[in-house]
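This report concerns only the one structure given below.
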Amino acid sequence: GDDNSGRKVITFSCCRMPPSHQLNHTRLLEYLKYTLDQYVENDYTVVYFHYGLKSLNKPSLKWLQTAYKEFDRKYVSRIFDLLFQFYSVLPSMIFKSLLTIPFSFPRYKKNLKALYVVHPTNFIKILWNIFKPLISHKFGKKVTYLNYLSDLKEHLKYDQLNIPQEVIRHDENLRGKQKGKLPPVVKVPPPRPPLPTQQFGVSLQYIKDKNRGELIPPVMMETVSYLKRKGLQVEGLFRRSASIQTIKDVQKLYNQGKSVNFDDYHDIHIPAVILKTFLRELPQPLLTFECYDHILGITSVESSLRVTRCKQIIQGLPEHNYVVLKYLICFLHMVSQESIYNRMTASSLACVFGVNLVWPSKGTASLSALVPLNLFTELLIDFYTNVFNSRKVPGE
Numbered sequence: 485g486d487d488n489s490g491r492k493v494i495t496f497s498c499c500r501m502p503p504s505h506q507l508n509h510t511r512l513l514e515y516l517k518y519t520l521d522q523y524v525e526n527d528y529t530v531v532y533f534h535y536g537l538k539s540l541n542k543p544s545l546k547w548l549q550t551a552y553k554e555f556d557r558k559y560v561s562r563i564f565d566l567l568f569q570f571y572s573v574l575p576s577m578i579f580k581s582l583l584t585i586p587f588s589f590p591r592y593k594k595n596l597k598a599l600y601v602v603h604p605t606n607f608i609k610i611l612w613n614i615f616k617p618l619i620s621h622k623f624g625k626k627v628t629y630l631n632y633l634s635d636l637k638e639h640l641k642y643d644q645l646n647i648p649q650e651v652i653r654h655d656e657n658l659r660g661k662q663k664g665k666l667p668p669v670v671k672v673p674p675p676r677p678p679l680p681t682q683q684f685g686v687s688l689q690y691i692k693d694k695n696r697g698e699l700i701p702p703v704m705m706e707t708v709s710y711l712k713r714k715g716l717q718v719e720g721l722f723r724r725s726a727s728i729q730t731i732k733d734v735q736k737l738y739n740q741g742k743s744v745n746f747d748d749y750h751d752i753h754i755p756a757v758i759l760k761t762f763l764r765e766l767p768q769p770l771l772t773f774e775c776y777d778h779i780l781g782i783t784s785v786e787s788s789l790r791v792t793r794c795k796q797i798i799q800g801l802p803e804h805n806y807v808v809l810k811y812l813i814c815f816l817h818m819v820s821q822e823s824i825y826n827r828m829t830a831s832s833l834a835c836v837f838g839v840n841l842v843w844p845s846k847g848t849a850s851l852s853a854l855v856p857l858n859l860f861t862e863l864l865i866d867f868y869t870n871v872f873n874s875r876k877v878p879g880e
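If you read the sequence shown in my numbering, its first letter stands for residue 485, the second for the next number, and so on.
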């Protein structure tokens, strides 16, 4: 899923850890590395569900030390600092020795923007206070303790999370103990109709109808135009996040039909995040639900035929979607041409935009789907001229 800033969310559920003697810890480590590999180049968030961690399924200190060494230069070992603390039976002297290990990869470490610890025990909180002086203040600000699952809704898209039933039942029990009874069912009010000037969370057709038939949504045209003028050579463009409140404020201005001057915010990453947010909040993805399975099949196509296959898939898009996609990919191709300055190659851009261009009609894209989604997007960007050269669009 995503958090409220559009950053990818990685979850870790202790209750799903099998007994240590049944677990292949080598494979677990490989899976952790593979999972983080999908995200560490961009800003991301971790949600740690502590419930279910017991002496029976607690990894050994030796495995934790091995994991720590494996996550060098690319992975965020600060997560493991906290995990060392969470495996709360270790003596304090071990903690001190582990926490003094030097860190030599600040560029990757800082891409972890938030760590939410759900259902922390009092012992964890005590340990955190003890070892907090040994952890950088900057990283400490990224850690948030959440006593209940409902608290997550303030920070990320809760409905997208795959939360184990054991954790949900534990949460209900905690609330029941607090109030003496299970929480009542909260009635959700019906959604409000969109404003005539709404741009986020409404269809492309709705925006077109409210903007005199213009095919390119205003928010998209303005963000792309601004980034073309001032952002093409900015290092890490689209990788960095921005203030959640600022993003909400800008969205509100657009939805109310008010003008937005990005110069007022003095942050080039704000229009970049707004563009990603617009795509992500479309009711139907730009590449449509119908194309999802076809896109997943791109990896089974012979390498020399993949560009042709991409071309075939997008030829089947509705005209409006095709026009908007062509406009976007043309811009991303321009960004990739400046990768010597911005470090955003077609591959890097695909990692950011792939999951924002298409997703399944139910749930979110699985981890295994990321490879074909990103590959398809990379091909669109790299071979933009070839892929989009045969279908004319209005105005050309």
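Even glycine gets a Cβ: it sits at the ideal position worked out from N, Cα and C.
Reduced DSSP secondary structure (H/G/I, E/B, other) of residue i
i	result
Y632	coil
S737	The sequence as given places Leu at residue 737; Ser does not occur at that position. In the structure shown, L737 sits in a helix (DSSP, three-state: H, G or I).
L599	strand
L640	strand
V627	strand
Rounded separation between residue i and residue j - CA only
i	j	result
D748	K538	51 Å
I782	V651	37 Å
H882	L540	Nothing can be reported for residue 882, as the shown portion of the chain is limited to 485 through 880.
P464	F872	Residue 464 falls outside the range modelled here, since the chain spans only 485 to 880, and no answer is possible.
V703	Y738	7 Å
K810	D693	20 Å
V836	K760	9 Å
L851	Q683	30 Å
G536	V601	13 Å
S820	L859	15 Å
T829	L812	15 Å
T529	P675	28 Å
L833	V493	18 Å
V785	K625	46 Å
D733	L507	47 Å
G847	Q644	7 Å
H778	P503	39 Å
C498	Y642	18 Å
P844	C814	25 Å
I527	V686	Here residue 527 is Asp; the residue named in the question, Ile, does not match the sequence. Roughly 26 Å between the two C-alpha positions.
Y825	V855	26 Å
T861	Y776	12 Å
I691	A849	26 Å
Proximity to residue i [Cα-Cα], best of the options
i	options	result
H534	D527, I647, D733, S852	I647
R491	S727, L630, V791, K625	S727
A853	L640, G741, V839	V839
T730	V757, L507, Q506	V757
E719	I700, E698, I752	I752
L921	N606, K641, D655	The structure shown has nothing for residue 921, since the chain only spans 485 to 880.
P604	K626, N631, A598	N631
S788	D777, F867, M828	F867
T681	K714, A830, K736, Q644	K736
S762	L716, Y642, M705	Rather than Ser, the amino acid found at residue 762 in this sequence is Phe. Checking every option, the nearest Cα to that of F762 belongs to M705.
N606	Y629, A598, L599, K597	Y629
E822	R713, R696, Y515	R713
L841	I798, N826, Y825, R875	I798
V627	S874, L512, V686, K597	K597
R723	K876, Q644, S831	S831
S874	K742, V807, A849	V807
P802	L699, Q717, Y825, H639	L699
M501	H817, D527, Y532	Y532
H817	A849, T869, Q796	T869
L864	L658, L721, L771	L771
R827	V877, Y776, L716	L716
Residue range of the alpha helix (DSSP H) that includes residue i
i	result
V472	Residue numbering for the chain in the displayed model covers 485 to 880; residue 472 lies beyond these limits and cannot be assessed.
Y690	688 to 694
A756	753 to 764
M704	702 to 714
T869	868 to 871
K876	Where K876 is concerned, there is no enclosing alpha helix (DSSP H), given that its DSSP letter is neither H nor E.
F837	830 to 841
H778	776 to 780
T792	790 to 799
Opening and closing residue of the beta strand (DSSP E) in which residue i lies
i	result
F496	492 to 497
T529	528 to 533
The region 744 to 763 contacting the region 790 to 798, beta-carbon criterion three pairs below 8 Å | Judged by Cβ distances under 8 Å, the region 744 to 763 makes no contact with the region 790 to 798, as fewer than three pairs qualify.
Are the region 705 to 712 and the region 764 to 772 touching, with three or more C-beta to C-beta distances below 8 Å?
-> When C-beta atoms of the region 705 to 712 are compared with those of the region 764 to 772, fewer than three pairs fall below 8 Å, so the two segments do not count as touching.
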